[in-house]
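K.L.:
Residue numbers (the UniProt record's numbering): 1 to 522.
Below is the structure:
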């Protein structure tokens with residue numbers, strides 16, 4: 001019988017070999033654990049892909065997908081209790097609708113009712129993909145992180161932003177939900193356009209799940225300076241989220257420059273002017289695309305006989321003043337409402353504006369009324385307007401007409417037509433489309449625009465009377481100057497601003513952005 005040869009493993013273990021084996025054991029155990037974790041992660045991804053295929057087996061995939069916090073429709077409840085959907089007002093929907101119909105596009109977003117799940121549906125030729133949000137999601141992701149953290153931070157900390165970890169956790173979860181739903185409905189090689197600050201993590205989440213997609217992102221609000229953005233505890237995660245896009249669009253060149261600088265300083269990526277270069281060679285283009293309006297739509301609406309009749313009715317209801325000043329804003333602390341109202345109050349109190357000849361109409365659209373900051377702002381504005389009207393106004397003729405309500409586009413066109421001076425004085429604004437809407441409605445080239453230099457629109461509408469909204473006396477001077485402009489001077493300024501607005505309308509904006517998105521990364 002042949003005796004088998006002893007192998008290394010069969011040799012008796014000396015003290016030294018036992019010691020060596022003891023040292024290797026933790027390493028082997030860690031390697032085995034790492035391997036097991038990798039297998040589990042692979043299995044999880046495989047399961048997720050299978051689940052996605054199962055969910056999308058009955059869903060038509062689209063080659064063009066818009067992703068936004070809200071769907072472009074509002075639910076309408078009729079008197080008989082039946083419900084319907086109405087297209088939301090806004091130029092973005094009007095601009096993208098033809099592109100979506102041509103490409104069998106889909107719009108992914110929340111439908112507006114918490115704790116309710118809806119199946120995908122079609123409305124006016126658009127495929128709508130609802131993403132459900134719970135009451136907790138609305139409180140933490142939307143009212144919390146999006147509007148309690150990002151909104152004030154991105155608007156130059158006009159109000160102090162709050163940083164709560166549970167808000168951040170909710171923001172991540174909801175962004176992942178949007179990304180997953182988008183990955184389900186996008187065709188292979190589809191173009192996906194993600195909108196605004198609520199969904200800044202979606203581009204990278206999509207990139208990881210669907211590297212075949214062409215991904216764009218557009219930020220509708222300002223992007224803050226580097227020094228402010230660095231306050232955000234989760235700054236690198238947000239930057240990585242945005243860098244998942246092929247093209248990141250901003251309202252102004254300064255926002256794009258801030259983003260590129262942060263990508264270089266905080267993420268350590270190579271940059272070349274407006275491009276960020278990734279280790280795999282992919283590039284992210286950061287560029288400004290100042291958003292526009294449906295200028296021709298507003299111009300046609302303003303010349304409609306019904307609109308003209310309503311505009312005349314508005315002026316009669318105000319007792320035919322010589323000058324109607326108009327402000328139209330969402331009720332938000334970034335809009336400079338308190339400073340603006342104080343300025344008018346002082347002008348009326350001093351007699352520089354005669355309450356019998358001039359009136360200031362302020363439309364303040366309700367906004368985020370469940371948030372404490374906004375409830376406090378509303379109370380402050382109510383008290384301020386009440387005090388001024390109580391001190392200066394006479395029976396039936398208050399100097400300030402304050403309307404805390406939202407109005408349809410037709411009514412807004414009538415207000416723009418009725419107003420002699422438009423007052424747009426935000427403390428900080430990404431663009432401010434109200435200024436452009438007013439200009440589009442001034443077909444006779446009359447009227448004047450007083451515009452904050454801190455609104456994005458100030459970079460385009462250089463013929464407006466520009467003011468620092470923090471300077472009350474400066475605003476008062478601008479209001480008086482606007483009131484005293486000659487007809488010839490009004491016409492000169494308005495013609496130039498109308499050319500800018502009509503040459504760069506919403507269709508042109510979308511066309512420029514989508515062209516660059518197709519070109520980047522070949």
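Glycine is no exception: its CB is placed at the ideal position from the N, C-alpha and C atoms. A quick note: this is a predicted structure, and the numbers were derived from the prediction, not measured.
#1: For residue 436, tell me which candidate among 139, 197, 135 and 299 has the shortest Cα-Cα distance.
#2: Which of the three DSSP states is assigned to residue 503 in this structure?
#3: Using C-beta distances below 7 Å, list every residue in its chain close to residue 239, excluding the 5 sequence neighbours before and after it, in chain order.
#4: Skipping 5 residues on each side, what residues in its chain have a beta carbon closer than 8 Å to that of residue 401?
#5: For residue 198, I'd like the list of residues in its chain whose CB is within less than 6 Å of its CB, leaving aside the five on either flank, ordered along the chain.
#6: Ordered along the chain, which non-local residues of its own chain (more than five positions away) have a Cβ less than 6 Å from that of residue 404?
#7: Roughly how many angstroms separate the alpha carbons of residue 372 and residue 345, rounded to a whole number?
#8: Do the stretch 418-437 and the stretch 322-330 make contact, defined as three or more Cβ pairs closer than 8 Å?
#9: By DSSP's criteria, residue 319 is part of a beta bridge. Which residues make up the other side?
#10: Does the beta-carbon of residue 53 have 16 or more other beta-carbons within 10 angstroms, so that it is buried, or is it exposed?
#11: Ignoring anything shorter than 3 residues or poking outside the stretch 198-241, list the beta strand (DSSP E) runs there in chain order.
#12: Can you list, in chain order, the residues of its chain with a C-beta nearer than 8 Å to that of residue 33? Leave out the 5 residues immediately preceding and following it.
#13: Starting from residue 152 and walking both ways along the beta strand (DSSP E), at which residues does that stretch end?
#14: Indicate whether residue 217 and residue 249 have their beta-carbon atoms separated by less than 8 Å.
#15: Here's a check: name, in chain order, each residue in its chain whose Cβ is nearer than 7 Å to the Cβ of residue 413, leaving out the five neighbours to either side.
#16: DSSP on residue 496, reduced to helix/strand/coil?
#17: From the DSSP output, in three-state form, read off residue 371 for me.
#18: For chain B, is any of its Cβ atoms less than 8 Å away from the one on residue 139?
#19: The alpha helix (DSSP H) that contains residue 455, what's its start and end?
#20: Assuming contact is defined by CB atoms lying nearer than 8 Å, are residue 433 and residue 293 in contact in what I supplied?
#21: For residue 183, which of 170, 312 and 61 has the nearest alpha-carbon?
#22: Within 10 angstroms of the Cβ of residue 76, are there 16 or more other Cβ atoms? Answer buried if so, exposed if not.
#23: In angstroms with no decimal places, state the Cα-to-Cα distance between residue 200 and residue 378.
#24: Taking just the CA atoms, how far does residue 460 sit from residue 445?
P.N.:
On the basis of the supplied data:
#1: For residue 436, the nearest C-alpha among the options comes from 299.
#2: helix
#3: A distance below 7 Å between beta-carbons, with the five flanking residues on each side excluded, links residue 239 to the following residues of its chain, in chain order: 262, 263, 266 and 267.
#4: 318, 359, 360, 361 and 362
#5: Cβ within range, chain order: 69 and 146.
#6: Taken in chain order, the residues that qualify are 364.
#7: Cα to Cα, residue 372 sits roughly 26 Å from residue 345.
#8: yes
#9: None; residue 319 has no bridge partner.
#10: Confidence at residue 53 is low in this model, with a pLDDT of 38, below 50, so its placement is unreliable and no value can be given for it.
#11: 214-218
#12: For residue 33, the predicted model reports a pLDDT of 47, less than 50, meaning its position is unreliable and no value from the coordinates is stated.
#13: It is not in any beta strand (DSSP E) - residue 152 instead sits in the alpha helix (DSSP H) that spans 151-154.
#14: yes
#15: 298, 301, 302, 307 and 441
#16: helix
#17: coil
#18: Protein chains in the displayed structure number just one, and chain B is not present.
#19: That residue, residue 455, is in no alpha helix (DSSP H); it is neither H nor E in DSSP.
#20: yes
#21: 61
#22: Exposed, by the Cβ-count rule.
#23: 29 Å
#24: 18 Å
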